[in-house]
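20 is the number of the first residue of the sequence shown in the numbering used here; add one for each residue after it. Heads up: the structure comes next, in structure tokens.
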Amino acid sequence: MNERLSSLLTALRQAVGVAQVLTHEDPDTDLSAWEQDWRRRARGRALAVVRPGSTAEVAEVVRACAAAGTSIVPQGGNTGLVVGSVPDDSGTQVVLSLTRLNAVRSLDADNLTLTVEAGCVLQNLQEHAREAGFLLPLSLAAEGSCTIGGNLATNAGGTQVLRYGNARDLCLGLEVVTAQGEVWQGLSGLRKDNTGYDLRDLFIGSEGTLGVITAATLKLYPLPAAQLTAWAAVPSLDAAVALLGLAHKQLGAGLTGFEVMSQFALSLVDKHFPDLRTPLWRDSPYCVLLENSDSESEMHAREQFERLLETALNQGTLSDAVVAENLSQAQGLWHIRESIPMAQAEEGLNIKHDISIPVSAIPAFCAETEALLQRQVPGVRLVNFGHLGDGNLHFNVQAPEGQDAKKFLAEQETRVNTLVFDAVARYDGSISAEHGVGSLKAGHLPHYKDPVALGLMRAIKQALDPHQRMNPGRILTP
Ligand code: FAD
């Protein structure tokens, strides 16, 4: 190791304590949890994993890395799906793990806000809010291990966006350590503040490329009196879209979730997790999961739901439906939906697309793109599911039955991505709805993003991080 990196390690140990700087120098330390991404698409090698315990320590680490000319990869729960939180293989990058910044700083019941540190695990925050009688509506399948800092850095979506918006919509203020190691104190709980450029919105969704989020002030909502879940079989995607329109009309703001799942996606859950007892999937091309939250009572919510399902049955937009009788049944239905990514992983590597399309165009997009795929790569299996209420599909492509998944990815990934992303562009959609860009999609961005927008993004990066030290190669290619 050269002298510059070795004195950086000394500076880092001084900043956060010897025990919080993990390196390969110690043969007993296994860094794979920080160096390997969740989907096992990339494995890097870090100079060190550094775990500061306070904002001041984060700032000191950033300054030490800047002085040594070393780049930083911020990391939360490392559940990201676009290869954004793991180091490259140079052995010179510092992984800055935020997981020790896990304090809840305050809850303001009258202002309906919760101020927390970036490394708090999302599920712990949901529970903290619930115990105080509030709802923190951000919810996604990785909530048991992803952190709020990672959620904000990727502007995470999840299952409640339809009603409450994505992570950006739930955040009022941020505390950020800049690329220069200064602390921007922007932990405002204000819902109105028009005093110039919105720095908060700049850092949200920036995937660690502009600075390190160390704390955030989040919006809270009153807990609904009742949350009911229904599972319906629908005869087509057109019918699913019609059912969504009807649900908007009849449930209004009560409609808090609307997920769609293709028969093949559910068949994988049934194959790999038969104990989950997936309902109604065998005779329908799609099933949907609906959630109705009510501020009045469970009885009111159930009546509304039953009216909706009856109208839909009469109109032919659904063929059969079940309403969960209690919380545990509701959780069971959500668990099936959330098990699709795991079932897919069990089936083998696949080509993931997290896309958004205007809801009205989704049936035509799916029909056209699936037909094109089958013509160009016969036999591919489409694992199509997602947050239909937000126009967000996980349009994933699995190798043909019996084919080696690794070989399939090596041979077909570029062709499949181009085909799907070109179709997304024709339908005025986005090639990344909620997972972000990372390094997995950075190369695609110049083809699909407006060139003026891309130029402005490069100018922002240059202004905030002129030496390209914050998570280089993510979002923007060099
Ligand atoms: P990481 O994976 O550690 O990091 C993600 C990115 O954020 C990286 O670029 C990293 O550098 C940056 N980053 C992390 N922390 C900070 C920080 N404090 N400051 C600056 N930059 C930082 N995502 C959705 O949007 N919706 C879903 O429904 C969804 N479902 C998922 C289901 C599963 C099973 C899995 C594994 C993932 C899912 N994801 C989903 C993706 C992932 O959980 C989210 O992107 C999550 O927000 C990442 O949080 P994290 O703490 O794990 O971040």
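For each residue, glycine too, the CB sits at the ideal point set by N, CA and C.
Backbone secondary structure at residue i - three-state DSSP
i: V396; result: coil
i: V456; result: coil
i: Q323; result: helix
i: M318; result: helix
i: S26; result: helix
i: D127; result: strand
i: E201; result: coil
i: A489; result: It should be noted that the sequence gives Met, not Ala, for residue 489. Looking at M489 - three-state DSSP - the assignment turns out to be strand.
i: W53; result: helix
i: F277; result: strand
i: S286; result: helix
i: Y305; result: strand
i: E194; result: strand
i: A251; result: strand
i: G184; result: coil
i: L495; result: coil
i: G177; result: strand
i: T166; result: strand
i: L475; result: helix
i: L159; result: coil
i: D484; result: coil
i: D294; result: helix
i: D447; result: coil
i: D441; result: helix
Contacts around residue i, its chain only, beta-carbon distance under 6 Å, and the 5 residues preceding and following it disregarded
i: E357; result: A160
i: L459; result: V101, V102
i: G224; result: N174
i: H454; result: L100, V101, D373
i: P71; result: V35, V77, V80
Expected contact under 8 Å - CB spacing of residue i and residue j to nearest Å
i: R488; j: A85; result: 6 Å
i: E325; j: Q246; result: Contact doesn't hold; Cβ gap of about 16 Å is too wide.
i: W353; j: C306; result: 13 Å between Cβ atoms; not a contact.
i: A198; j: L483; result: 6 Å
i: I370; j: V416; result: 4 Å
i: S90; j: P491; result: 5 Å
i: D409; j: L181; result: 6 Å
i: V77; j: T233; result: 5 Å
i: L327; j: L265; result: 7 Å
i: W53; j: V68; result: 5 Å
i: L206; j: L193; result: 7 Å
i: A65; j: Q112; result: 6 Å
i: G176; j: D107; result: Going by Cβ atoms, the distance from G176 to D107 rounds to 27 Å, so no, they are not a contact pair.
i: A244; j: E317; result: 7 Å
i: L157; j: A235; result: Between A235 and L157 the Cβ distance is about 11 Å, and since that is not below 8 Å, they are no contact.
i: L337; j: A252; result: 6 Å
i: D127; j: G208; result: 6 Å
Spatial neighbours of residue i in its chain, beta-carbon cut-off 7 Å, leaving aside the 5 residues before and after
i: T297; result: L285, V288, D289, I355
i: F440; result: I450, H463, Y467
i: K238; result: L131, T132, L189, L191
i: E315; result: A244
i: A186; result: L157, N170, L171, N174, A175, I223
Beta-carbon contacts of residue i that lie in its chain and below 8 Å, excluding the five residues immediately before and after
i: L401; result: S281, F283, E389, L392, F414, N415, V416, Q417
i: D257; result: P382
i: E344; result: none
i: R434; result: Q395, V396
i: V260; result: V378, S379, I381, P382, L407
i: S255; result: P304, Y305, P382
Near the ligand ATP: residue i beta-carbon under 7 Å from a heavy atom
i: E453; result: As far as ligands go, the structure on display features the ligand FAD and does not contain the ligand ATP.
ask   = When the Cβ atoms of the segment 94-109 are set against those of the segment 164-171, are three or more pairs found closer than 8 Å?
value = yes
key: Contained beta strand (DSSP E) runs [length at least 3] in the segment 337-364, N- to C-terminal order   = 339-342
message = Which runs of the alpha helix (DSSP H) at least 4 residues long sit entirely within the segment 66-110? Give them in chain order.
response = 74-87
key: Length-filtered (4 minimum) alpha helix (DSSP H) runs lying within the segment 376-424   = 381-395
key: Three-pair Cβ contact test at 8 Å for the segment 371-391 versus the segment 440-459   = yes
task = Inspect the CB distances between the segment 70-83 and the segment 123-135 and report whether three or more fall short of 8 Å.
result = no
query = Would you call the segment 402-414 and the segment 275-282 in contact, with 3 or more CB pairs under 8 Å?
reply = yes
ask   = Unbroken alpha helix (DSSP H) runs of length 4 or more, entirely within the segment 214-245: which are they?
value = 218-222
ask   = Going along the chain, which unbroken runs of the alpha helix (DSSP H) with 4 or more residues stay wholly within the segment 129-156?
value = 141-150
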